[in-house]
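Report on the structure given below.
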Amino acid sequence: MTQDTFIIMLPPRQLPALQGWRVTPAHLAYRLGPGPHLFRADSTTPRGGLMVVDDRDFDSLGSTAPLCQEILRECQVRGFSGAILDFESRLPPLEQIAAALDESFTRRGWSLYVPERYASRAPHARVMIPSALSGGSLQRRLEEALERFGESRVVLALEKRAEDFFLPSPTGSGQPLTPKQLEELVSRLSPSVFFSGELCARYFTYMSRDNGAHFVLFDDGDTMRRKVEVAHKLNIHTFLAPWAEAAPYAAQLGIQHRQEPRQKRR
Numbered sequence: 000m001t002q003d004t005f006i007i008m009l010p011p012r013q014l015p016a017l018q019g020w021r022v023t024p025a026h027l028a029y030r031l032g033p034g035p036h037l038f039r040a041d042s043t044t045p046r047g048g049l050m051v052v053d054d055r056d057f058d059s060l061g062s063t064a065p066l067c068q069e070i071l072r073e074c075q076v077r078g079f080s081g082a083i084l085d086f087e088s089r090l091p092p093l094e095q096i097a098a099a100l101d102e103s104f105t106r107r108g109w110s111l112y113v114p115e116r117y118a119s120r121a122p123h124a125r126v127m128i129p130s131a132l133s134g135g136s137l138q139r140r141l142e143e144a145l146e147r148f149g150e151s152r153v154v155l156a157l158e159k160r161a162e163d164f165f166l167p168s169p170t171g172s173g174q175p176l177t178p179k180q181l182e183e184l185v186s187r188l189s190p191s192v193f194f195s196g197e198l199c200a201r202y203f204t205y206m207s208r209d210n211g212a213h214f215v216l217f218d219d220g221d222t223m224r225r226k227v228e229v230a231h232k233l234n235i236h237t238f239l240a241p242w243a244e245a246a247p248y249a250a251q252l253g254i255q256h257r258q259e260p261r262q263k264r265r
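Going left to right, the sequence shown walks through residues 0 to 265 as numbering that gives the first Met the number 0 numbers them.
Have a look at this one:
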């Protein structure tokens, strides 16, 4: 039986929370900033696992080659085995960074994880496919990803999402709900909640006097577990998840405890 790999994203100061769990830590500690340069988010100095790099402060100015060297040096110094490029934008300089790191990481035997939009620029990288959908079928979505990228590259990025959609929803995007907002909405409406086997998510509908029909789609521990099961059917065994979302459901998702070494008898 193939062993699952769970990559858990969290700030380095929360690393003790992973003690005892069989996971790979991914440190939410780095960002791209002006220069461009690599900046550490806080004063902690993580070691091992993966680095996560976001692009929220990236201004697209300057040469990317020195920045790539900074990332390589940081991985070497901190003993990282790879990096996750958590890029939300799609800009030519970011594509250059992804391509350069893909080549450099491959030579060193390190792992690189990229969003789907960067997959063509980083042909050796693992491709993160989000688990949250607003339409269609999760199984079909993963099947298409496998057809495009191959079994060895596809990673399911687990998300615990909640969104409120106006109906009809031409864009397929809803208003994100915090856990508290979702709880208050359910408490106020007492709706009939249903499960979508295609989306692997729960949903309900309601009417608003102000703006008409609404459709609320959300996840819980059970829906996240079912998404893992769909991935298993397709022989996908690598998962990425934020610890803040996965922690309450760790055992439910199949994240295992590390076995303590047995003490030798005297």
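Even glycine gets a Cβ: it sits at the ideal position worked out from N, Cα and C.
Open item on the list: In this structure, how does DSSP classify V126 when only helix, strand and coil are distinguished?
Closed with: In the sequence shown, the residue the question calls residue 126 occupies position 127. If DSSP states are grouped into helix, strand and coil, V126 belongs with the strands.
Task: Spatial distance of F203 from L141 (CA atoms) - done: On the sequence shown, residue 203 is found 204 positions in, with the first residue counted as 1. On the sequence shown, residue 141 is found 142 positions in, with the first residue counted as 1. Distance between the alpha carbons of F203 and L141: 25 Å.
Task: As assigned by DSSP and simplified to three states, the class of H36 - done: Position 37 of the sequence shown, counted from the start, is the residue given in the question as residue 36. H36 falls in the strand class under three-state DSSP.
Open item on the list: Are the CB atoms of W109 and A249 within a distance shorter than 8 Å?
Closed with: Within the sequence shown, residue 249 is the residue found at index 250, counting from 1. Within the sequence shown, residue 109 is the residue found at index 110, counting from 1. Against a cut-off of 8 Å, the Cβ pair of W109 and A249 comes out as no contact.
- [ ] Leaving out five residues on either side along the sequence, give the residues of the same chain with a beta carbon under 7 Å from the beta carbon of E87.
- [x] Within the sequence shown, numbered from 1, the residue matching residue 87 stands at position 88. Within the same chain, E87 has close Cβ partners D54.
Open item on the list: Need the endpoints of the alpha helix (DSSP H) that M223 sits in, please.
Closed with: Your numbering for residue 223 matches position 224 in the sequence shown. From DSSP, the alpha helix (DSSP H) with M223 extends over G220 to K232.
Task: Extent of the continuous beta strand (DSSP E) to which R147 belongs - done: Against the sequence shown, residue 147 aligns to sequence position 148. Careful: R147 lies outside any beta strand (DSSP E), inside the alpha helix (DSSP H) at L137 to F148.
Open item on the list: Looking at the secondary structure, which residues open and close the beta strand (DSSP E) in which A118 lies?
Closed with: Sequence index remark: in the sequence shown, residue 118 carries index 119 (1-based). First-last for A118: undefined, no H or E at that position.
- [ ] Quick one: which unbroken alpha helix (DSSP H) runs of 4-plus residues sit fully inside the segment 160 to 198? Chain order, please.
- [x] 178 to 188
- [ ] Keeping to the same chain, check which residues put their C-beta closer than 7 Å to that of H36; ignore five residues upstream and five downstream.
- [x] Here residue 36 refers to the residue found at position 37 when the sequence shown is read from its first residue. L66 and E69.
Open item on the list: Excluding the 5 residues flanking P10 on each side, which residues of the same chain have their C-beta closer than 6 Å to its C-beta?
Closed with: Against the sequence shown, residue 10 aligns to sequence position 11. Once the five neighbours on either side are set aside, the close Cβ partners of P10 are L27.
Task: Distance between beta carbons of F164 and S324, contact taken as under 8 Å - done: Past the boundaries of the shown model lies residue 324; the chain is included only from 0 to 265, so the question cannot be answered.
Task: DSSP state of V22 mapped onto helix, strand, coil - done: Translated into the one-based positions of the sequence shown, residue 22 becomes position 23. DSSP places V22 in coil when its eight states are reduced to three.
- [ ] Can you give me the start and stop residues for the alpha helix (DSSP H) that A250 sits inside?
- [x] By 1-based counting over the sequence shown, the position of residue 250 is 251. Looking at the DSSP string, the run of the alpha helix (DSSP H) that includes A250 is A249 to L252.
Open item on the list: As a quick exercise: from F38, D219 and V22, pick the residue whose alpha carbon is nearest that of Y29.
Closed with: Counting from one through the sequence shown, the residue named residue 29 turns up at place 30. Of the candidates F38, D219 and V22, the one whose C-alpha sits nearest the C-alpha of Y29 is F38.
Open item on the list: Which of the three DSSP states is assigned to I70 in this structure?
Closed with: By one-based count along the sequence shown, residue 70 stands at place 71. Residue state, collapsed to three classes: helix.
Open item on the list: Suppose the cutoff is 7 Å on Cβ atoms and the five residues either side in sequence are ignored; what does the same chain contact list for L90 look like?
Closed with: Against the sequence shown, residue 90 aligns to sequence position 91. Around L90: S59.
Open item on the list: What residue range does the beta strand (DSSP E) around S207 cover?
Closed with: By 1-based counting over the sequence shown, the position of residue 207 is 208. Looking at the DSSP string, the run of the beta strand (DSSP E) that includes S207 is A200 to S207.
Task: According to DSSP, residues forming a beta bridge with T105 - done: Counted from its first residue, the sequence shown places residue 105 at position 106. Paired residues: none, contrary to the question.
Task: DSSP bridge partner residues for I83 (one or two, in chain order) - done: Locating residue 83 in the sequence shown gives position 84, where the first residue counts as 1. DSSP lists V51 and Y112 as partners of I83.
Task: Paired residues, beta bridge with R77 - DSSP - done: The residue you call residue 77 lines up with position 78 of the sequence shown. BP columns for R77 are empty, so no partner.
Open item on the list: Just to confirm before moving on: does the CB-CB distance between G111 and L100 stay below 8 Å?
Closed with: Sequence index remark: in the sequence shown, residue 111 carries index 112 (1-based). Sequence index remark: in the sequence shown, residue 100 carries index 101 (1-based). The displayed chain sequence assigns Leu, not Gly, to residue 111. The answer is yes: Cβ separation under 8 Å.
Task: Identified DSSP bridge partners for L27 - done: Position 28 of the sequence shown, counted from the start, is the residue given in the question as residue 27. The partner list for L27 (beta bridge, DSSP) reads V51.
Open item on the list: Could you tell me the alpha carbon to alpha carbon distance between F238 and R125, rounded to whole angstroms?
Closed with: Counting from 1 along the sequence shown, the entry for residue 238 is found at position 239. Counting from 1 along the sequence shown, the entry for residue 125 is found at position 126. The alpha-carbon atoms of F238 and R125 are separated by roughly 11 Å.
Task: Span of the alpha helix (DSSP H), counted from its first residue to its last, around A243 - done: Reading the sequence shown from its first residue, position 244 is the one you call residue 243. Where A243 is concerned, the enclosing alpha helix (DSSP H) stretches over W242 to A245.
Open item on the list: Taking the straight line between their C-alpha atoms, what separation do you get for R12 and T43?
Closed with: The sequence position of residue 12 within the sequence shown is 13, counting from 1. The sequence position of residue 43 within the sequence shown is 44, counting from 1. Roughly 7 Å separates the two Cα atoms.
Open item on the list: Rounding to the nearest angstrom, what Cα-Cα distance links L137 and A131 in this structure?
Closed with: Against the sequence shown, residue 137 aligns to sequence position 138. Against the sequence shown, residue 131 aligns to sequence position 132. One C-alpha to the other measures close to 8 Å.
Open item on the list: Cutting at 6 Å between CB atoms, please list the residues of its own chain near P247, excluding the five before and the five after it.
Closed with: Mapped onto the sequence shown, residue 247 falls at position 248. Correct list: empty, nothing qualifies.
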